[in-house]
Amino acid sequence: MHKSAIEVWLQGVADYYGSSACPNVEDLHLSDGAPTPRAMRGRVRATEETGRPEELAHSSGTKTTNTRAGSSTKRKTKPPQGQSVFVDGDRDALSKLATTSLSSPTDVTPGMTSCSIVSFPSISASSARTAKSGRSKSPVRTLADLAVTSKSPTLRSLDGGVPGDAQDLLEKLYTISCGENLIPAVVAGRFKRSHLPLRPWQIDNITPPNIDELEYEINKAQEISERANLLAEEGHSEPSWNCEVHSPILRLGLTRLKRVRHFNITTATLCPSLLPIVEKSGETLQSKPVDYSLNLVPAPDTSLADAINVFVDTQPPDMRTISPTMYDPVRRWPQAVAIGTRVTSSSSDPLVQLTVWAQATFTRFRQLIHSKHGSDGISLLTLPVIAVYGHEWHLWFSRDTTCRFELYGPLKIGSTETLLNTFKLIRSLRTLAEWVDTDFCAWVEKAFALPSPIKDTEG
């Protein structure tokens with residue numbers, strides 16, 4: 001006869017709490033009426049010196065054996081065939097216990113007093129042990145959840161303008177978003193459709209194109225758009241979109257720039273010390289990861305690469321990173337842009353995770369600035385974040401100051417729904433990568449207090 005799950009649990013608790021006492025143990029009988037076996041006798045013996053119960057070797061269905069060193073060990077023994085390890089008086093208590101939630105050693109019913117187990121682990125004690133391992137964490141599901149932190153995010157429309165250091169990038173991306181001079185004249189025929197005719201102002205008649213490169217780019221854009229529409233029609237998950245749509249288009253948009261790379265960071269987590277904290281309670285807020293980041297990857301043996309390595313290697317073990325995460329592939333590459341993706345059917349908003357990630361990035365950069373410049377540090381740079389909803393890509397400008405955190409946007413920078421909008425997205429990503437390679441790189445060099453301009457060349 002096999003033990004039930006709750007019998008096994010109760011027996012384990014009895015073994016663990018060896019001081020449990022059962023009065024009148026010799027009077028107890030097994031449920032089938034058989035007398036208590038010898039192994040059950042003398043489960044508790046009161047010592048004359050202390051008056052406290054002492055557990056004997058037989059008390060938990062165990063047998064004592066001697067070892068070579070003279071010590072004794074306990075070996076589990078099974079109850080006789082067809083017999084239960086519970087007494088008659090415990091049967092009703094067991095059925096009550098199976099449906100009772102115990103929160104303290106005294107949280108039992110009168111009918112349970114004859115049970116062999118008279119004490120239970122306290123949940124409060126377990127909670128106390130958990131508290132010692134660190135602050136509790138609460139999930140962040142909406143931007144409103146961040147209102148209890150020191151910097152509640154504020155959303156601002158682009159109509160009111162953006163910070164000065166983001167103005168040039170905004171104008172370039174806005175021009176692409178409008179489609180102005182977007183399509184080189186020599187390939188305009190590839191984009192003409194009876195239902196979506198090109199306007200004269202969308203055609204670029206000035207810039208000399210590289211025909212082979214353009215044809216390759218358009219062919220890849222067509223493939224990505226067709227694949228995206230298939231995934232949308234079949235209702236694929238976010239990982240499928242990341243693998244078959246988002247990664248290919250990021251790779252295509254960044255292909256010309258050696259110092260800018262995209263990384264899939266869906267398994268990366270923020271450094272615990274960079275997570276937002278509730279002001280009043282000190283509770284840590286936990287957010288889901290973002291999906292991608294665009295990082296500056298300096299060439300080896302350059303001044304910037306060397307400066308980053310020195311900074312990372314001299315940090316505490318749990319903070320040996322220039323990024324907000326200890327995820328190894330990006331620890332030594334400054335993060336410029338965070339990207340969060342969601343399918344259209346998802347109830348979560350990637351902007352929530354992007355906000356937490358951006359705030360952590362700013363905190364890490366602020367720590368870098370303080371270590372290099374002291375109290376007379378440089379200002380933080382406005383950083384883009386991108387929220388992707390199925391086909392649609394929306395960019396926000398994130399800005400962190402001493403008193404507040406602001407998000408300016410959104411600006412639609414492209415879509416994978418049509419060939420034209422996919423081509424627009426590729427151009428937007430390339431413009432963003434060029435900003436990382438120039439403006440962002442210059443700011444990072446300044447943050448590291450390197451001489452300007454840097455004369456290092458790419459290898």
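Residues 1 to 459, numbered by the UniProt record's numbering, are exactly what the sequence shown covers, in order. Yeah, the Cβ is synthetic: ideal placement off N, Cα and C, and Gly gets one too.
Neighbourhood of residue i by C-beta distance below 7 Å, restricted to the same chain and skipping five residues each side
i, result
"residue 443", "381"
"residue 309", "332"
"residue 106", "For residue 106, the predicted model reports a pLDDT of 36, less than 50, meaning its position is unreliable and no value from the coordinates is stated."
"residue 365", "380 and 447"
"residue 362", "380 and 400"
"residue 165", "381 and 382"
"residue 462", "This structure cannot settle anything about residue 462, because the visible part of the chain is limited to 1 through 459."
"residue 343", "237, 238, 241 and 390"
"residue 198", "183, 188, 191 and 192"
"residue 358", "338, 383, 385 and 398"
"residue 404", "151 and 154"
"residue 395", "173, 384, 386, 409, 410, 411 and 413"
"residue 477", "Residue 477 is absent from the model: the chain starts at 1 and stops at 459."
"residue 250", "262, 292 and 429"
"residue 248", "224"
"residue 274", "324, 360, 363 and 364"
"residue 158", "408, 409 and 411"
According to DSSP, residues forming a beta bridge with residue i
i, result
"residue 262", "294"
"residue 408", "156 and 397"
"residue 179", "Paired residues: none, contrary to the question."
"residue 415", "392"
"residue 426", "Residue 426 is not bridged to any residue."
"residue 386", "339 and 395"
"residue 184", "204"
"residue 270", "325"
Opening and closing residue of the beta strand (DSSP E) in which residue i lies
i, result
"residue 154", "153 to 156"
Other residues of its chain near residue i: CB distance less than 6 Å, five sequence neighbours each side excluded
i, result
"residue 40", "Low confidence applies here, because residue 40 scores a pLDDT of 40, under 50, leaving its location unreliable; read the following figure in that light. Excluding residues within five positions, none has a Cβ falling inside 6 Å."
"residue 434", "none"
"residue 156", "406 and 408"
"residue 288", "353"
"residue 335", "293, 295, 323 and 361"
"residue 430", "253"
"residue 169", "435"
"residue 355", "153"
"residue 78", "Note on residue 78: pLDDT 45, under 50, position unreliable in the model; no value is reported."
"residue 420", "191"
"residue 350", "340, 342 and 387"
Residue i - containing alpha helix (DSSP H), residue span
i, result
"residue 350", "350 to 373"
"residue 253", "247 to 253"
"residue 376", "It is not in any alpha helix (DSSP H) - residue 376 carries neither H nor E in the DSSP assignment."
"residue 230", "211 to 234"
"residue 442", "441 to 447"
"residue 436", "Segment: none, residue 436 is in no alpha helix (DSSP H) and carries neither H nor E."
"residue 309", "303 to 313"
"residue 238", "238 to 241"
Own chain residues within Cβ distance below 8 Å of residue i, not counting five before or after
i, result
"residue 208", "none"
"residue 127", "Annotation note: pLDDT 34 at residue 127 (below 50); position unreliable, no value reported."
"residue 177", "411, 412, 413, 414, 424 and 428"
"residue 304", "298, 441, 444, 445, 448, 450, 454 and 456"
"residue 226", "none"
Discussion item. Does the structure place the stretch 232 to 245 close enough to the stretch 321 to 330 that three or more beta carbon pairs sit under 8 Å?
Written reply: no
Item to complete: Answer yes if the stretch 412 to 428 comes into contact with the stretch 382 to 397, meaning at least three C-beta pairs across the two stretches below 8 Å, and no otherwise.
Response: yes
Worksheet item: So does the stretch 292 to 305 actually touch the stretch 255 to 272, counting three or more Cβ pairs closer than 8 Å?
Response: yes
Discussion item. Contact between the stretch 393 to 411 and the stretch 225 to 242 is defined here as three or more beta-carbon pairs at a separation below 8 Å; is this criterion met?
Written reply: no
Practice prompt. Report yes or no: do three or more beta-carbon pairs, one from the stretch 172 to 187 and one from the stretch 203 to 212, lie closer than 8 Å?
Written response: yes
Worksheet item: Per the contact definition of three or more C-beta pairs closer than 8 Å, is the stretch 421 to 430 in contact with the stretch 213 to 229?
Response: yes
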